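Heads up: the structure comes next, in structure tokens.
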Amino acid sequence: MRGTHGSTDKLALVARAGAQQTRTVSSVIRDRTWLVALAASLWGFSGLLRAPLSKEFPSVSIVLGEHVLLVLLTSPLLIGALRAWWRAGTRTKVATVVIGAGSSALATVLFTLAFRFGDPVTPQVLQKLQPLIAITLAALLLGERMRPRFWLFVLPALAGAWLLAFPNPLAVGVKALVPALLGVGSAAMWALGTVLGRMVSSELKFFHVTALRFLFGMLTLLVVALGTGSPLTLPLATWPRLLSLALVPGLLALVLYYFGLRSTAASRATLAELAFPLTAAAVGVLIQHARLAPTQWVGFVVVLATVVALAWHERSGRTPAVAEPDPAVREPATTR
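Under full-length UniProt numbering, think of the first position of the sequence shown as 1, with each following residue one higher.
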């Protein structure tokens, strides 16, 4: 009997070891960090298409054209998305409209305008401020608590953003201030979309939110274009570029990022997302011939290092800089 028990114990150990190895291999196979990096790299090519268009046409018209194409591309999802939105609570309905009007339409207009007034690198790298802005907004809207150590990450990020935004950080003029404000403004609006996206995720699926944000964004841009006298259509020759802009750094990157993020740890995803500013910098310097001052490169490094440090701290630190709210605070009841 003893020998039988010993054999059984050994078999159990082998079985557990085999199961652990299977889980490890399965985890490696399922990991999709590379998809996050690929999506981020596609975002980095946005300036290559957007900057020339911004010099030729009004930003509202460019972004309206993008959204028309995106609505057409996601039209098979619209009926189901609208039904789900109609059944959702009032809070979710309002948040979804804000995502479309603000985080999709207005943010992209500000981002496009930044290319008209500034270099093709700075507006894109300033988007790395989004995590810090999103955390601040989450504290206000979702009840997450920022601990004092959070400011140890915010202050270096702000200093790095200042160095990056201005070629001469000690002599800032209006001309240099405009593209920086536009870049930060677009980052803030996209960060708001991230927070609101978390808010509506309990009632709406990702693909429904995506289709609705493009629809509400298009309707908003149509009203803005009519109110400002911006052209509703662009010359036919520009539509291949608009389609490339809507497809590659737009819809394709968004879908790849979504599927990659589902199987990627937050710390690895943050590192993978560095492909965005690195690609943007490479494209801007090597292809678009942008020139950054030495202090701007210092700011570039400081911003990226701060965001990575924050993600690493939140992943491995015993006491995170941002505390999750109580469930009752995080998920307030919706009004139907």
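In this text, a Cβ means the ideal position worked out from N, Cα and C, and glycines have one as well. Quick caveat, the model's predicted, so the values are computed rather than measured.
Limits of the alpha helix (DSSP H) - the one that residue i falls within
i      : result
Leu49  : Ser46 to Glu56
Lys93  : Thr90 to Val98
Phe117 : Ala107 to Phe117
Phe153 : Trp151 to Ala165
Glu66  : Ser59 to Leu73
Gln124 : Thr122 to Val125
Pro131 : Gln130 to Leu141
Selection from the options that minimises the alpha carbon distance to residue i
i      : options                           : result
Ala84  : Ala309, Thr210 and Ser263         : Thr210
Gly102 : Val121, Trp151, Leu132 and Leu221 : Leu221
Ala39  : Thr295, Ala269 and Ala171         : Ala269
Val109 : His208, Arg50 and Pro120          : Arg50
Ala48  : Val36, Val154, Pro123 and Gly100  : According to the sequence shown, residue 48 is Leu rather than Ala. Of the listed residues, the one whose Cα sits closest to Leu48 is Pro123.
Ser244 : Ile62, Leu177 and Leu137          : Ile62
Asn168 : Trp297, Thr90, Leu72 and Pro156   : Trp297
Leu140 : Val195, Thr306 and Glu56          : Val195
Ala138 : Leu78, Pro76, Gly197 and Phe216   : Gly197
Thr238 : Trp34, Phe57 and Trp43            : Phe57
Ile99  : Leu215, Phe276, Ala225 and Leu278 : Leu215
Leu170 : Ala293, Gly217, Trp43 and Arg32   : Ala293
Ala165 : Arg149, Arg147, Pro148 and Gly185 : Gly185
Leu236 : Gly65, Leu181, Trp86 and Leu252   : Gly65
Leu207 : Gly173, Pro76 and Leu42           : In the sequence as presented, Leu is not what sits at residue 207; that position holds Phe. Among Gly173, Pro76 and Leu42, the Cα nearest to that of Phe207 belongs to Pro76.
Leu113 : Pro148, Gly173 and Val60          : Val60
Ala258 : Lys205, Ala281, Ile287 and Val303 : According to the sequence as given, residue 258 is Tyr; it is not Ala. The shortest Cα separation from Tyr258 among Lys205, Ala281, Ile287 and Val303 belongs to Lys205.
Ala309 : Arg32, Ala157, Leu192 and Gly183  : Ala157
Ala161 : Leu142, Gln127, Gly193 and Leu192 : Gln127
Leu142 : Leu286, Gly193 and Val307         : Gly193
CB-CB length for residue i against residue j, believed under 8 angstroms
i      : j      : result
Gly242 : Leu69  : Position check: residue 242 holds Leu in this sequence, whereas Gly was assumed. Right, the Cβ-Cβ distance comes to about 6 angstroms (below 8 angstroms), so this counts as a contact.
Phe45  : Pro249 : 6 angstroms
Gly299 : Val121 : 11 angstroms between Cβ atoms; not a contact.
Thr96  : Leu212 : 5 angstroms
Ala105 : Trp190 : No, Ala105 and Trp190 are not in contact; Cβ-Cβ is about 12 angstroms, not under 8 angstroms.
Ala272 : Val36  : 4 angstroms
Leu132 : Phe153 : 7 angstroms
Leu73  : Leu251 : 6 angstroms
Pro179 : Phe117 : 4 angstroms
Ala311 : Trp43  : Wrong, their Cβ atoms sit about 18 angstroms apart, outside the cutoff.
Leu163 : Thr295 : 5 angstroms
Ser41  : Ala246 : No, Ser41 and Ala246 are not in contact; Cβ-Cβ is about 17 angstroms, not under 8 angstroms.
Buried versus exposed, by CB contacts within 10 Å (16 or more), residue i
i           : result
Thr228      : exposed
Ser202      : exposed
Val301      : exposed
Val14       : Confidence at Val14 is low in this model, with a pLDDT of 39, below 50, so the placement of that residue should be treated as unreliable; the coordinate-derived value is given next. That one is exposed.
His313      : buried
Ile135      : buried
Val200      : buried
Gln21       : Model confidence at Gln21 stands at a pLDDT of 45, short of 50, so the residue's coordinates are unreliable; what they give is reported in the following sentence. Counting Cβ neighbours within 10 Å, Gln21 comes out exposed, since fewer than 16 surround it.
Thr90       : exposed
Gly80       : exposed
Trp34       : exposed
Ala305      : exposed
Ser54       : buried
Trp151      : exposed
residue 351 : Only positions 1 to 336 of the chain appear in this structure, which leaves residue 351 out of reach.
Val28       : Confidence is the limiting factor: at Val28 the pLDDT is only 46, short of 50, which leaves the residue's position unreliable, though a coordinate-based value still follows. Answer is exposed; the Cβ neighbour count stays below 16.
His289      : exposed
Pro148      : exposed
Pro240      : exposed
Lys175      : exposed
Leu177      : exposed
Gly260      : buried
Ala188      : buried
Leu226      : exposed
Arg87       : exposed
Leu155      : exposed
Leu286      : exposed
Gly173      : exposed
Residue i: CB within 7 angstroms of a non-hydrogen atom of the ligand ADP
i      : result
Val121 : No copy of the ligand ADP occurs in the structure displayed, which carries no ligand at all.
Length at least 4, wholly inside the UniProt domain "EamA" (180-310): the alpha helix (DSSP H) runs in chain order: Within the UniProt domain "EamA" (180-310), the runs of alpha helix (DSSP H) at least 4 residues long that lie entirely inside it are, in chain order, 206-228, 239-246, 253-262, 266-272 and 275-282.
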